[in-house]
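Position one of the sequence shown corresponds to residue 306 (the working numbering), numbered consecutively onward.
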Amino acid sequence: MALAFKEDMKMRKKKGMLFLVGFLALALIAPVSAQQTNLVELNTLSGPNNLDFLLQRFQQLQTEKGIRVNVNVLPYGRDAVMKLVASFMTGGTQYDVFVLDCIDVAQYASAGWLYPIDDLVPESYRKDIIPFAKDGMMFQGKWYGLPWASEWKSFVYNTTMLKKEGLTEFPKTWKDVVSYSQKLQKDKVVKYSTAFSWAQKECLVCDFVALAATFGGQFFDDNLNPLFNKGGAVDALQWMIDSLYTYKIVDPASLMWTEDDVMAAMQQGDISYCLCWGGSPLVPMNNPDQSKVVGQVDIGLMPSVDGKHPYTVAGPMGWAISKNTKHPKEAWEFVQFMAGPEGSRIALEKAGIAIGWKSIIEDPAIQKKFPELKKMAVQAQYIVNRPAVPWYHEFSSMLAEELHKALTGKMTAQQALDEAVAKTLEIKKAY
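This is the structure we're talking about:
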């Protein structure tokens, strides 16, 4: 999720810089030296995020292994997905390697566009990878990428605000969250204790997936039959509705907000809790140029209905290989170089890119540099991914619409999810 496409003002600015960034990418790639006349060339695409770091690593790969990487620079999100899909539709040889979002794995794999890496992955990797990071790159038992930007949403809270009210123990259940929040609001510490990214977009689906898991809900069975109109999923959506209208602890602006808005509210000290994406979510909270709550925020396990289901949602990505690459050997060398354990360590330390390897997140030296990773390592044991279905984009857009109907009072939780299940079956049948 960290490299994922984000809309609104930030993206409009990125698009305005696109030509310049593309020019710089070409200019920064070093010329071929006399000693490197037999280079194998790989093609990839990238957004502006972390471009300097990527170019440095690509140059290092060229120097060490004789593999030159040509980069097509463009924004992430639908533009990148459409360009990648177009390349697959015309033979799949335009890009050899690329960053693969977990929500696209099922579609690409079922279409035969991805190169399986099952037979290439060493045993040490299999033992080291964090399960959710692997699961995000799997479809029907096949493995398609090594983890890159393997983020999840962390539950962060303002310790100063809680201590002011004598709340020294972190809330373990959603009932605790409501109780704490109402006390904070009653004593006017904050107007609303929390906010969520519940705009009718992908961010709403991400939050619902997380909350449903904390209530013990499920999305699909092994045959992709929908299950999310019963049990814990319904309870989760009902809690979301109640948090707005009954408990009144969630800022109503959440119905229009994305993750950036929630992050900004937390940084300004307007709310006490929130869910944050990020490999190191405390970094923006402790940046004095952006935040008014420096040194006040900590990370805790996700609350749940009973304190026993502290699950959150992940957005793992991975470096993957095109099925029709002409250079599979060198493409795998690239993937290992960028996203294997050592490459991931470098990416974390130099660019703050989230990692998917236990050996790194549990490394005392790394935890010393990033103290929050010790708590995040515990959360990493309780993570769910969004549903791996080949028709995810159609499904997600529809689900966001139905969820929003419930959150805006147009339907009950049960009605909205019943309708979503019916439409899911139609999408599945038409695929």
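From the three backbone atoms N, C-alpha and C, an ideal C-beta is built for every residue, glycine too. Keep in mind it's a predicted model, so treat the numbers as computed, not measured.
Where residue i sits in the DSSP three-state scheme
i: Y430; result: helix
i: F520; result: coil
i: S627; result: strand
i: M316; result: Note that M316 scores 43 on pLDDT, short of 50, meaning its location in the model is unreliable; the coordinates nonetheless yield the value given after this. Correct three-state label for M316: helix.
i: S778; result: Shown here, the chain extends from 306 to 736; a query on residue 778 therefore has no answer.
i: S392; result: helix
i: L379; result: coil
i: D368; result: Note that residue 368 is Thr in the sequence shown here, rather than Asp. T368: helix per DSSP, three-state reduction.
i: L425; result: coil
i: L472; result: coil
i: M387; result: helix
i: S351; result: strand
i: V683; result: helix
i: A414; result: helix
i: A438; result: helix
i: V494; result: coil
i: G327; result: With a pLDDT of 48 at G327, under the threshold of 50, the modelled position of that residue is not reliable, and the figure given next carries that caveat. G327 falls in the helix class under three-state DSSP.
i: G321; result: With a pLDDT of only 44 at G321, under the threshold of 50, the placement of this residue in the model should not be trusted, and no figure is reported.
i: V598; result: coil
i: L333; result: For L333, the predicted model reports a pLDDT of 45, less than 50, meaning its position is unreliable; a value from the coordinates is still stated below. Helix at L333.
i: P669; result: helix
i: A515; result: helix
i: I651; result: helix
i: V510; result: helix
Among the options, the one whose alpha carbon lies nearest that of residue i
i: V390; options: A416, F444, Q365 and I372; result: A416
i: P531; options: K734, L730 and R373; result: L730
i: V404; options: F525, G620 and I666; result: G620
i: I554; options: I576, D603 and P589; result: I576
i: G471; options: C579, V494 and D566; result: V494
i: Q412; options: F393, T473, A570 and Q399; result: F393
i: L678; options: G584, K469, G352 and T499; result: G584
i: L347; options: Q361, L379, T398 and Q365; result: T398
i: N591; options: L580, W582 and D603; result: D603
i: A670; options: G661, K715, L653 and Q686; result: L653
i: H614; options: Q445, V689, I546 and K597; result: V689
i: S498; options: A454, C579 and N377; result: C579
i: N355; options: M681, G537 and L379; result: L379
i: Y697; options: I408, F358 and K674; result: I408
i: G600; options: L587, D594 and G612; result: L587
i: Y449; options: T464, W418 and D433; result: W418
i: R756; options: S548, M643, D668 and K388; result: Outside the displayed span of the chain (306 to 736) sits residue 756, for which this structure offers no information.
i: R373; options: E707, E638 and A659; result: E638
i: N463; options: K496, G645, P593 and V598; result: V598
i: L344; options: R431, A705, A636 and M681; result: A636
i: K655; options: V726, V402 and D357; result: D357
i: K432; options: N528, I651, W662 and T465; result: W662
Strand pairing of residue i, partner residues [DSSP]
i: S702; result: In the DSSP output, where bridge partners are listed per residue, S702 has none listed.
i: E346; result: R373
i: M443; result: W448
i: D603; result: Y462
i: L529; result: Bridge partners of L529: none, in fact.
i: M622; result: D406 and W453
i: S484; result: S484 pairs with nothing; no bridge assigned.
i: I688; result: T617
i: S609; result: T478
i: L419; result: S627
i: T713; result: DSSP output for T713 lists no bridge partner at all.
i: T499; result: V555 and Y578
Where the beta strand (DSSP E) through residue i begins and ends
i: W544; result: Element bounds for W544: not the beta strand (DSSP E) but the alpha helix (DSSP H), G537 to Y550.
i: Y578; result: Y578 to C581
i: L405; result: V402 to D406
Beta carbon proximity, residue i to chain B, threshold 8 Å
i: L678; result: As a matter of chain content, chain B is missing from the structure shown, which is built from one protein chain.
Enclosing alpha helix (DSSP H) for residue i [first to last residue]
i: K733; result: A718 to A735
i: P676; result: Here P676 belongs to no alpha helix (DSSP H), and DSSP marks it neither H nor E.
i: W503; result: Here W503 belongs to no alpha helix (DSSP H), and DSSP marks it neither H nor E.
i: A636; result: P633 to A644
i: V567; result: E564 to Q572
i: S664; result: K663 to I666
i: P586; result: First-last for P586: undefined, no H or E at that position.
Residue i CB to nearest heavy atom of the ligand HEM below 7 Å
i: S429; result: Inclusion of the ligand HEM in the displayed structure is not the case, the ligand content being empty and no account of it being possible.
Open item on the list: Is it the case that the segment 507-527 contacts the segment 713-722, given that we only count it when at least three CB pairs across the two stretches are under 8 Å?
Closed with: Judged by Cβ distances under 8 Å, the segment 713-722 makes no contact with the segment 507-527, as fewer than three pairs qualify.
Task: the segment 471-488 contacting the segment 598-613, beta-carbon criterion three pairs below 8 Å - done: When Cβ pairs closer than 8 Å are counted between the two stretches, the segment 471-488 is seen to touch the segment 598-613, the count reaching three or more.
- [ ] Tell me, please, whether the segment 560-571 touches the segment 499-510 by the rule of three or more beta-carbon pairs shorter than 8 Å.
- [x] The way I'd put it, the segment 560-571 does touch the segment 499-510; three or more beta-carbon pairs between them come closer than 8 Å.
Open item on the list: Does the structure place the segment 694-705 close enough to the segment 627-638 that three or more beta carbon pairs sit under 8 Å?
Closed with: In this structure the segment 627-638 does not touch the segment 694-705; the number of beta carbon pairs closer than 8 Å is below three.
Task: Inter-stretch contact at 8 Å, needing at least 3 Cβ pairs: the segment 363-370 / the segment 422-439 - done: No: the two stretches stay apart, fewer than three of their Cβ pairs being nearer than 8 Å.
Task: Any 3 or more C-beta pairs closer than 8 Å across the segment 483-491 and the segment 449-459 - done: Per the Cβ contact rule, the segment 483-491 is not in contact with the segment 449-459 (fewer than 3 Cβ pairs under 8 Å).
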